[in-house]
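Undergrad:
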Amino acid sequence: MKHFNEAAFDPAASAQQILLTAILAALGAIVAIPLAIPQSASAQTAFTLPAPPFEVPMLPSPSGGWTVMVGIGGESTPDFVGSKNSKFVPIPIFSIRRAGSIDQFRGPRDSASIALLDVGNFRAGPAFKYVSSRKSDKYAELTGLGDVKAAYELGGFVEYYPVDWLRLRSELRQGLGGHTGAVADVSADVIVPLIQRLTISAGPRFTWKSTKATAPYFGVDAVQAAASGLPMYDARGGAHSVGFGSQISYRINPQWEVHAYVEYEKLLGDAADSPLVKLRGSSNQTTVGLGASYSFDFRIR
Amino acid sequence: MRRIVILWLGLAVASVALGAAAAFETRATRLQAIRTVGIVSAIGEEMSLTQAGLTGLSNTGQTASISAWGLDELIVQQATRLLSGRFRVQAVSYRRAAFAAVRDSAVAPVNLLRSDPFKELVRSDVAPQGLDAYIVITRARSKLGNGRNVEGVGLAQYRTLLADYGLIHALYEVRVVDGKSFDVIEKRAAAPLDNTGTMRLAGPSGPVDETFDGPASSERLRAAIADLITRSLPVTLGDMHLIEGQ
Numbered sequence: 024m025k026h027f028n029e030a031a032f033d034p035a036a037s038a039q040q041i042l043l044t045a046i047l048a049a050l051g052a053i054v055a056i057p058l059a060i061p062q063s064a065s066a067q068t069a070f071t072l073p074a075p076p077f078e079v080p081m082l083p084s085p086s087g088g089w090t091v092m093v094g095i096g097g098e099s100t101p102d103f104v105g106s107k108n109s110k111f112v113p114i115p116i117f118s119i120r121r122a123g124s125i126d127q128f129r130g131p132r133d134s135a136s137i138a139l140l141d142v143g144n145f146r147a148g149p150a151f152k153y154v155s156s157r158k159s160d161k162y163a164e165l166t167g168l169g170d171v172k173a174a175y176e177l178g179g180f181v182e183y184y185p186v187d188w189l190r191l192r193s194e195l196r197q198g199l200g201g202h203t204g205a206v207a208d209v210s211a212d213v214i215v216p217l218i219q220r221l222t223i224s225a226g227p228r229f230t231w232k233s234t235k236a237t238a239p240y241f242g243v244d245a246v247q248a249a250a251s252g253l254p255m256y257d258a259r260g261g262a263h264s265v266g267f268g269s270q271i272s273y274r275i276n277p278q279w280e281v282h283a284y285v286e287y288e289k290l291l292g293d294a295a296d297s298p299l300v301k302l303r304g305s306s307n308q309t310t311v312g313l314g315a316s317y318s319f320d321f322r323i324r
Numbered sequence: 041m042r043r044i045v046i047l048w049l050g051l052a053v054a055s056v057a058l059g060a061a062a063a064f065e066t067r068a069t070r071l072q073a074i075r076t077v078g079i080v081s082a083i084g085e086e087m088s089l090t091q092a093g094l095t096g097l098s099n100t101g102q103t104a105s106i107s108a109w110g111l112d113e114l115i116v117q118q119a120t121r122l123l124s125g126r127f128r129v130q131a132v133s134y135r136r137a138a139f140a141a142v143r144d145s146a147v148a149p150v151n152l153l154r155s156d157p158f159k160e161l162v163r164s165d166v167a168p169q170g171l172d173a174y175i176v177i178t179r180a181r182s183k184l185g186n187g188r189n190v191e192g193v194g195l196a197q198y199r200t201l202l203a204d205y206g207l208i209h210a211l212y213e214v215r216v217v218d219g220k221s222f223d224v225i226e227k228r229a230a231a232p233l234d235n236t237g238t239m240r241l242a243g244p245s246g247p248v249d250e251t252f253d254g255p256a257s258s259e260r261l262r263a264a265i266a267d268l269i270t271r272s273l274p275v276t277l278g279d280m281h282l283i284e285g286q
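Line order of the protein sequences matches chains D and A.
Heads up: the first sequence runs through residues 24 to 324, numbered per our numbering.
Heads up: the second sequence runs through residues 41 to 286, numbered per our numbering.
This is the structure:
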């Protein structure tokens, strides 16, 4: 590996270069950058589209380079929160962005979010999560408990990078639909690039839920108790789960990328003590996922 | 009832399409009406030195003056050459530091809602006034790694557990400012020259290799930055339909 050394600047070339050398020398160690030779690169534009016949007011012109990512993934996840059985869910991968836009680190549990505030190491903005409905006729353990409608959780997120390899993230969301409670997620991820193409990350997670976010999924009222054979249970809010997650991503080449992740969650409090979990499920919740994606560029004139 | 809803929907779609077509006409017409332009460039006074990836807790960005490299003069020269085929390019004077000092707000919606900061600067700082349009070239910003922003001209290092990677960058954006109303007719950030590197920046960048080591590396660095600008400027101006596409 080569070392890019301030002493290597030619001090005799000109007065201007002497000035630069002096400035860079004063910067000390930061300029002493060890370098490697990255792979060779060449243009990979797949095709060019003609310019659109019109443009939308206020929005920038679409002319230029774009990157499309398509792929497929899947995850093995508990049938429902608290279940001891798992199901496999296919996950399509698709994104389109301006060529050169950077893929920010993203955890598998992160909600969909947009960073409206971005000052480099601190980002914040709105967040949204969809929680699918729970149908009692789909799983025997839920017989008699009734359905819980799909929930839409709206809120915000903040994330902070004290250093480039450590992300602290928190989300606070309010449910609509299936539950009307509040949910808070807190996580930390240590992000270690082993080489340029291979990154691993891991860290702890913690979730808090209000009573209104907990009761629809873990409470058992008198009617449900009679229909399900489970004892009545008044599920209250509080610490919901603690866990640990890890993911690995490898960019095989500029086009292909593969990734895998595992998320473990231990239900706590009233969620863990619910008869649905204690008698018919498990407080240990594990999700394992993997995926592969292919990226290509195109241009719009 | 359903027919009425469909008719209203069709009318709404047609209105949006016609409105959008009218907007395109306005932008295209405004570009076509331009005969004389002046070029303002303010990206090349400072070079940033940035580390990302596995960095220390006290890691902060550094800058070094590179005003002696004459990058802005190079940009004006290159842009003049490229645009002369279509426009009459006139030399203009301006306070470079004033243009270089403008920064986007960290709150994205503010940038969408507020008036473009260069609008007023072109009105008050550029002479002569009265040209049809002014081409303003200033620094652009990109993420490097997860928690670092880099902008303008710079040298960056991405540190991993097993290897370190260096790259140079010249991130800039181009605005076409109307010479009468000072509205920004078009704005575009220079795109990457290729999209094949695994370490990406949202603008022209290139790898640093061992040729930057040894004697006269400063001159090689300057030449490499100049090469990024020289190669990306025609593409960017082409994307903006200011010259024939590359």
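Note that beta-carbon positions come from the ideal geometry of N, C-alpha and C, so glycine has one too.
1) How should residue 281 of chain A be labelled, buried or exposed, when 16 other C-beta atoms within 10 angstroms of its C-beta is the threshold for buried?
2) Run through chain D and tell me which residues come within less than 9 Å of residue 188 of chain A, C-beta to C-beta.
3) Contact between the region 73-90 of chain A and the region 101-116 of chain A: three or more CB pairs below 8 Å?
4) Between the alpha carbons of residue 300 of chain D and residue 110 of chain D, how many angstroms are there, rounded?
5) Is it buried or exposed, residue 247 of chain D, if we count other Cβ atoms within 10 angstroms and call 16 or more buried?
6) In the DSSP assignment, the beta strand (DSSP E) including residue 285 of chain D goes from what residue to what residue?
7) What residues of chain D sit near residue 281 of chain A, judged by a beta carbon separation below 9 Å?
8) Can you tell me whether residue 284 of chain D is buried or exposed? The criterion is at least 16 other CB atoms within 10 Å of its CB, across all chains shown.
9) What is the residue span of the alpha helix (DSSP H) that residue 118 of chain A lies within?
10) Can you give the Cα-Cα distance for residue 259 of chain A and residue 228 of chain A, rounded to whole angstroms?
11) Applying a beta-carbon distance threshold of less than 8 Å, which residues of chain A neighbour residue 128 of chain D?
12) Give me the subset of the region 69-95 of chain A whose CB atoms are less than 7 Å from a CB atom of chain D, sorted by chain position.
13) For residue 214 of chain D, return the contacting residues in chain A, with the cut-off set at a CB-CB distance below 8 Å.
14) Is residue 133 of chain A buried or exposed, if buried means 16 or more other CB atoms sit within 10 Å of its CB?
15) Indicate whether at least one CB of chain D lies closer than 8 Å to the CB of residue 157 of chain A.
16) Use the C-beta contact count for residue 252 of chain D: other C-beta atoms within 10 angstroms, 16 or more gives buried, fewer gives exposed.
17) Could you pull out every unbroken beta strand (DSSP E) segment of at least 3 residues lying fully inside the region 158-224 of chain D, listed in chain order?
18) Could you spell out where the alpha helix (DSSP H) holding residue 151 of chain A opens and where it closes?
19) I'd like to know whether the C-beta of residue 315 of chain D is nearer than 8 Å to at least one C-beta of chain A.
20) Quick check on residue 320 of chain D: does DSSP put it in helix, strand or coil?
21) Taking the continuous beta strand (DSSP E) assigned at residue 215 of chain A, which residues delimit it?
22) What are the boundary residues of the alpha helix (DSSP H) that residue 246 of chain D is part of?
23) Could you tell me the boundaries of the beta strand (DSSP E) in which residue 184 of chain A lies?
24) Mapping the DSSP letters down to three states, classify residue 63 of chain D as helix, strand or coil.
25) Helix, strand or coil: how does DSSP classify residue 56 of chain D here?
26) Should residue 95 of chain D be flagged as near chain A, meaning a C-beta pair shorter than 8 Å?
27) Rounded C-beta distance between residue 272 of chain A and residue 247 of chain A? I'm assuming under 8 Å.
28) If you drop the 5 nearest sequence neighbours on each side, which residues of the same chain put their C-beta closer than 7 Å to that of residue 169 of chain D?
29) Under 8 Å Cβ-Cβ, which residues of chain A neighbour residue 211 of chain D?
30) Is it the case that the CB of residue 156 of chain D approaches a heavy atom of the ligand SAH more closely than 7 Å?
31) Between which two residues does the alpha helix (DSSP H) holding residue 159 of chain A run?
32) Are the CB atoms of residue 211 of chain D and residue 226 of chain D within a distance shorter than 8 Å?
33) Just how far apart, CA to CA, sit residue 114 of chain D and residue 98 of chain D?
34) How big is the Cα-Cα spacing for residue 268 of chain D and residue 296 of chain D?
35) Report yes or no: is there a C-beta of chain D within less than 8 Å of the C-beta of residue 226 of chain A?
36) Compare the C-beta of residue 119 of chain A against all C-beta atoms of chain D and say whether one is closer than 8 Å.
TA: With the given structure in hand:
1) buried
2) 143, 144, 184 and 187
3) yes
4) 17 Å
5) buried
6) 279-290
7) 74, 84, 86 and 324
8) buried
9) 111-123
10) 29 Å
11) 186
12) 89, 91, 92, 93, 94 and 95
13) 186
14) exposed
15) no
16) exposed
17) 174-186, 189-200 and 205-216
18) 148-153
19) no
20) strand
21) 212-218
22) 245-251
23) 181-184
24) Any reading at residue 63 of chain D is ruled out, since the residue's pLDDT is 32, under 50, leaving its predicted position unreliable.
25) Bear in mind that a pLDDT of 34 at residue 56 of chain D, under 50, signals an unreliable position, so the number given afterwards is only what the model happens to contain. In the structure shown, residue 56 of chain D sits in a strand (DSSP, three-state: E or B).
26) no
27) Not a contact, Cβ separation roughly 15 Å.
28) 159 and 247
29) Those within 8 Å of residue 211 of chain D in chain A number zero; the least Cβ separation is about 13 Å.
30) This structure lacks the ligand SAH; in fact it carries no ligand of any kind.
31) 157-165
32) yes
33) 7 Å
34) 23 Å
35) yes
36) no
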